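Protein chains in written order, with this note's numbering: chain A, 1 to 376; chain B, 1001 to 1259.
A virtual CB, placed ideally from N, CA and C, is assigned to each residue, including glycine.
Predicted model, so just to flag it, every value in this text is computed and none were measured.
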Amino acid sequence: MSSKEKRFWSGNIALAEGALAAGVDFYAGYPITPSSEIMEHMARELPKRGGVFLQAEDEIASIFMLIGASWADAKPMTATSGPGFSLMQEGLGIAVMTETPLLVVDVMRVGPGTGQASKAAQGDLLQARWGRHGDQIIPVFAPSSAQDCFDLAIFAVNTAEKLRTPVILLSDELLAHTWEAVEVLKEVERAERRRPAGKEPPFGSEDPRLPPPMPRLGEGHAVLVTGSTHDPWGFRYTSDPEVHRALVHRLWEKIWLNKEELARFEAVDLEEAEVGIVAYGSVARSALAARKILSGKVRVGILILKTLWPLPEEPIRELARAAKIILVPEMNLGQLVWDVERIAGGSAKVVPFSKVGGGVPIYPEELAQKVLEVWG
Amino acid sequence: MKGHPLHKYFRALPTAFCPGCGNGLVAGAILRALEKAGTDFQKTVFVSGIGCAAWIPSPHFLADSLHVAHGRAIPTALGVKLRRPELTVIVVGGDGDLAGIGGNHLLHAARRNADLLVVMVNNLVYAMTGGQVGPTTPKDLPTPTTPYGNPERPLDVARVVAAAGANYVARWTTAHLGELEKALVKALKKEGFRFVEVVSQCPARVGGRLAMTPVEAMRWLRARAKVVGQAGPEDLEVGEFANRENPGLLQALKGVGRG
């Protein structure tokens, strides 16, 4: 018996299946194109597996249901797209502050506003990073294939549990509705959040890399959870500067100091590259195809980022040391390109390549053309 | 305070409430009702949003409590209840929190007959932020954001929740503590969505404007309150607005996808 099986799934189905494999047992959501197949899959599967599914009255309710469920010991998730993701920022901020593990999937579509509902885009990268008010950090992952959708859903759920944090998975409409073969492991890792051993503070940790233990409700802990500034026991401090500083620094460091463990990327011939391409999401597929087109003309190195925050900086530096030019193709007006330019630090010339609207992909041919153009 | 029969239920005292505030009376009524209904305090989860009434359980009650964003206590509470049906889940909040910014959640929780008890302390304004007009503010009342008097009509929250399908809806005031306690005990023993509104005095934000002491405000509430069926258009209608035995949401979800 093989420990792997092959499936034929769309990105959305692969994502839902990955979440289920990681132990997601609670889903609350609101229908929105192009994410709805994830929700529909959960509506079919969760009741059969003893989980909970509820269609909420809106995206705000969805994410707060996740927060409540997570404290009641669920592994919760929801999926949405741009307009719903905007509404969920409120709950994501509370989830950061209360250190509540949960997974939010944003299947990106064209914005701003209601934009173009059924068309792919990558315009939510910086919203995923900075959408909440205040100082905060949430890990962000981005698949670039149906296989990634499955694998990264597992990684995202486990990250949420290990670091006691909300996690964001950024997919896009092209991935969501592309059907591909997916290799499925029969046994996948399932991380469990740390529980208090005796009387441990639920919001304090000696080791900045380690989240505090999370008590279950209903077990006599009298746990005091608040979205406001609080001390290690959950008591609110509405004006004390030191309590606030200690809290936001710890919440930031809990993620930042673990960035090596969170870094997922695929590197193709970085050391030999004359021109580098840094890409994520469905655009990464065009980058791989463009590299083939350019074979024998220009040596192209490709860095596919699957962790978008905190960014894996070392492979970008490595690419910048080898390549003279780095091209950053994105289905937005340029969001990742700022970081690549900062990290490259002048070692390579960083050039954006933007395309928005209508969900029209960045085609391999036009990307190859652009490489030749910048290479001269 | 140490000798008080309810002292054991408190984590933090004294409370943060203004002198003469009705929140202490509501806190007492909730705790006495839990005792009378025989509810296990260790298996009770309090959920609240933002506002003065949201502070009643958090940080004061020595029980599990979730204090979340303004208006979002009900969906948070429902998340808890769906995952841990054996726990008693109680939302405490104000009128602005639950019927203003959280109004959509309130409506749908009632429609779903979600198995929650919601206690809404109605002090007629957004008290924590300075007493601005809210969805329950009486017409013509001046507030900091309606300096010329409130031009709008208030929402009859209890009647709306009853119309949306809640199993139990009652309204009393801080001047009807016996009736309030009985309503809470009754609500605790039922399934489905249960909503108890408590009209309360706010000496800091309303009483001051009307030149009423807390005692005068409570006398006013007592005098203006008339039970359902006997209340005229100018009266404050109190009593039960719904008392049904419909299956709650958890009951409705049982068996879904399993046959």
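**Below-7 Å beta-carbon distance, B/PRO1059 vs any chain A residue** = One-based indexing of the second sequence puts residue 1059 of chain B at position 59. For B/PRO1059, the answer is yes, since a Cβ of chain A falls inside 7 Å of its Cβ.
**Asked** Is A/ALA95 close to chain B, meaning its C-beta is less than 7 Å from at least one C-beta of that chain?
**Response** One-based indexing of the first sequence puts residue 95 of chain A at position 95. With 7 Å as the cut-off, A/ALA95 does not count as an interface residue toward chain B.
**Residues that A/PHE203 contacts on chain B, provided the C-beta gap is smaller than 7 Å** = Reading the first sequence from its first residue, position 203 is the one you call residue 203 of chain A. Per Cβ cutoff of 7 Å: no residues; A/PHE203 is ~13 Å from chain B at best.
**Request:** In angstroms with no decimal places, state the Cα-to-Cα distance between A/ARG132 and A/GLU99.
**Result:** Against the first sequence, residue 132 of chain A aligns to sequence position 132. Against the first sequence, residue 99 of chain A aligns to sequence position 99. Going from the Cα of A/ARG132 to the Cα of A/GLU99 covers about 15 Å.
**Item:** CB contact below 7 Å: B/VAL1256 versus chain A
**Value:** Along the second sequence, one-based indexing puts residue 1256 of chain B at 256. It does; some Cβ of chain A falls within 7 Å.
**Item:** Interface residues of the segment 226-252 of chain A facing chain B [CB-CB below 8 Å]
**Value:** THR226, GLY227, SER228, GLY234, PHE235, ARG236
**Neighbouring residues, chain B, relative to A/ALA19 (Cβ below 8 Å)** = Indexing the first sequence from 1 puts residue 19 of chain A at position 19. Result: empty, since nearest Cβ-Cβ is about 16 Å, beyond 8 Å.
**Message:** Counting only Cβ pairs nearer than 7 Å, list the residues of chain D close to B/GLY1192.
**Reply:** Absent here is chain D; the protein component of the structure consists of chains A and B.
**Asked** Got a sec, what are the start and stop residues for the alpha helix (DSSP H) A/HIS41 sits in?
**Response** Against the first sequence, residue 41 of chain A aligns to sequence position 41. It spans 36-48 - the alpha helix (DSSP H) in which A/HIS41 sits, taken as one unbroken run.
**Message:** Considering just the uninterrupted stretch of the beta strand (DSSP E) at A/ALA79, what are its terminal residues?
**Reply:** Sequence index remark: in the first sequence, residue 79 of chain A carries index 79 (1-based). Element bounds for A/ALA79: 76-80.
**Request:** Inspect the CB distances between the segment 1023-1030 of chain B and the segment 1052-1071 of chain B and report whether three or more fall short of 8 Å.
**Result:** yes
**Prompt:** Between B/THR1174 and B/GLN1201, which are expected to be in contact by the criterion C-beta below 8 Å, what is the C-beta distance as a whole number of angstroms?
**Reply:** As a first step, residue 1174 of chain B must be located in the second sequence, where it is residue number 174. As a first step, residue 1201 of chain B must be located in the second sequence, where it is residue number 201. Indeed, because the Cβ distance is near 6 Å, the residues count as touching under 8 Å.
**Message:** For a cutoff of 7 Å on Cβ pairs, would you count A/PRO166 as touching chain B?
**Reply:** Residue 166 of chain A sits at position 166 when you count from the first residue of the first sequence. It does not; no Cβ of chain B falls within 7 Å.
**Asked** How many angstroms separate the CA atom of A/ARG299 from the CA atom of A/LYS355?
**Response** Translated into positions along the first sequence, residue 299 of chain A becomes position 299. Translated into positions along the first sequence, residue 355 of chain A becomes position 355. Their Cα atoms are separated by approximately 24 Å.
**Asked** Near A/GLU192, which residues of its chain fall below 7 Å by C-beta distance, leaving aside the five closest residues on each side in sequence?
**Response** Taking the first residue of the first sequence as position 1, residue 192 of chain A is located at position 192. Excluding positions up to five away in sequence, the list reads GLU161.
**Message:** On the criterion of 16 or more Cβ atoms from any shown chain inside 10 Å, does A/LYS119 qualify as buried, or is it exposed?
**Reply:** What you label residue 119 of chain A is simply residue 119 of the first sequence in a count that begins at 1. Counting Cβ neighbours within 10 Å, A/LYS119 comes out buried, since at least 16 surround it.
**Asked** Taking Cβ-Cβ distances shorter than 7 Å, what residues in chain A pair up with B/GLN1251?
**Response** Numbered from 1 along the second sequence, position 251 holds the residue referred to as residue 1251 of chain B. Simply none; closest approach about 14 Å.
**Message:** Taking 7 Å as the threshold (C-beta atoms), are A/PHE353 and A/ALA181 in contact?
**Reply:** Walking along the first sequence from the start, residue 181 of chain A turns up at place 181. Walking along the first sequence from the start, residue 353 of chain A turns up at place 353. Contact flag unset, no.
**Request:** Starting from the C-beta of B/LYS1189, find all residues in its chain whose C-beta is less than 8 Å away, skip the five residues before and the five after it, and write them out in chain order.
**Result:** For the purposes of this step, residue 1189 of chain B is taken as residue 189 along the second sequence, with counting starting at 1. ALA1037, listed in sequence order.
**Asked** Okay, do the segment 1031-1046 of chain B and the segment 190-209 of chain A touch, 3+ Cβ pairs below 8 Å being the bar?
**Response** no
**Request:** Mind checking the segment 71-86 of chain A against chain B and listing, in chain order, the residues whose C-beta falls within less than 9 Å of any C-beta there?
**Result:** TRP71, ALA72, ASP73, ALA74, PRO76
**Best match in A/LYS186, A/GLY91, A/ASP269, A/ALA56 for proximity to A/GLY18 [C-alpha to C-alpha]** = Here the question's residue 18 of chain A lines up with position 18 in the first sequence. Among A/LYS186, A/GLY91, A/ASP269, A/ALA56, the Cα nearest to that of A/GLY18 belongs to A/LYS186.
**Contact check, B/GLY1192 vs B/GLY1248, beta carbons under 7 Å** = The residue labelled residue 1192 of chain B in the question sits at position 192 within the second sequence. The residue labelled residue 1248 of chain B in the question sits at position 248 within the second sequence. Yes, these two residues count as a Cβ contact at 7 Å.
**Request:** Buried or exposed for A/HIS249, please, with buried defined as at least 16 other CB atoms from any protein chain shown within 10 angstroms of its CB.
**Result:** For the purposes of this step, residue 249 of chain A is identified with residue 249 of the first sequence, where counting begins at 1. By the neighbour-count rule (16 or more Cβ atoms within 10 Å), A/HIS249 is not buried but exposed.
**At least three beta-carbon pairs within less than 8 Å, the segment 1007-1017 of chain B to the segment 306-324 of chain A** = no
**Request:** Going by CA-CA distance only, name the one from A/ALA72, A/PRO361, A/SER62 that's closest to A/MET214.
**Result:** Here residue 214 of chain A refers to the residue found at position 214 of the first sequence. When each option's Cα is compared against that of A/MET214, the closest is A/ALA72.
**Prompt:** Over what stretch of residues does the alpha helix (DSSP H) that includes A/HIS244 continue unbroken?
**Reply:** Taking the first residue of the first sequence as position 1, residue 244 of chain A is located at position 244. 241-256 is the span of the alpha helix (DSSP H), which, as asked, contains A/HIS244.
**Members of the segment 1224-1246 of chain B near chain A, C-beta cut-off 9 Å** = none
**Against chain A: residues of the segment 1066-1081 of chain B by CB proximity under 7 Å** = LEU1066, HIS1067, VAL1068, ALA1069, ARG1072, PRO1075, THR1076, ALA1077, LEU1078, GLY1079, VAL1080
**Prompt:** Closest by CA to A/ARG419, which one among A/ASP151, A/LEU46, A/GLU37, A/GLU183?
**Reply:** Nothing can be reported for residue 419 of chain A, as the shown portion of chain A is limited to 1 through 376.
**Prompt:** Considering only residues of the segment 171-235 of chain A, which uninterrupted alpha helix (DSSP H) runs meet the minimum length of 4 residues and lie entirely inside it, listed in chain order?
**Reply:** 173-176
**Helix, strand or coil at B/ASN1123 [DSSP, three-state]** = For this step, residue 1123 of chain B is matched to residue 123 along the second sequence. The answer is coil: DSSP assigns B/ASN1123 none of H, G, I, E or B.
**Message:** For A/GLU161, would you say it is in contact with chain B, using Cβ-to-Cβ distances shorter than 7 Å as the test?
**Reply:** Here residue 161 of chain A corresponds to residue number 161 of the first sequence, with the count starting at 1. It does not: the Cβ of A/GLU161 has no partner Cβ on chain B nearer than 7 Å.
**Asked** For A/GLY11, which of A/ALA61, A/LEU126, A/ALA117, A/SER171 has the nearest alpha-carbon?
**Response** By 1-based counting over the first sequence, the position of residue 11 of chain A is 11. Nearest of A/ALA61, A/LEU126, A/ALA117, A/SER171 to A/GLY11, Cα basis: A/SER171.
**Request:** Would you identify the three-state DSSP class for A/GLY68, choosing helix, strand or coil?
**Result:** Taking the first residue of the first sequence as 1, we reach residue 68 of chain A at position 68. DSSP places A/GLY68 in helix when its eight states are reduced to three.
**Other residues of its chain near A/ALA273: CB distance less than 7 Å, five sequence neighbours each side excluded** = Here residue 273 of chain A corresponds to residue number 273 of the first sequence, with the count starting at 1. Contacts found: ARG299, VAL300, GLY301, LEU319, ALA322, ALA323.
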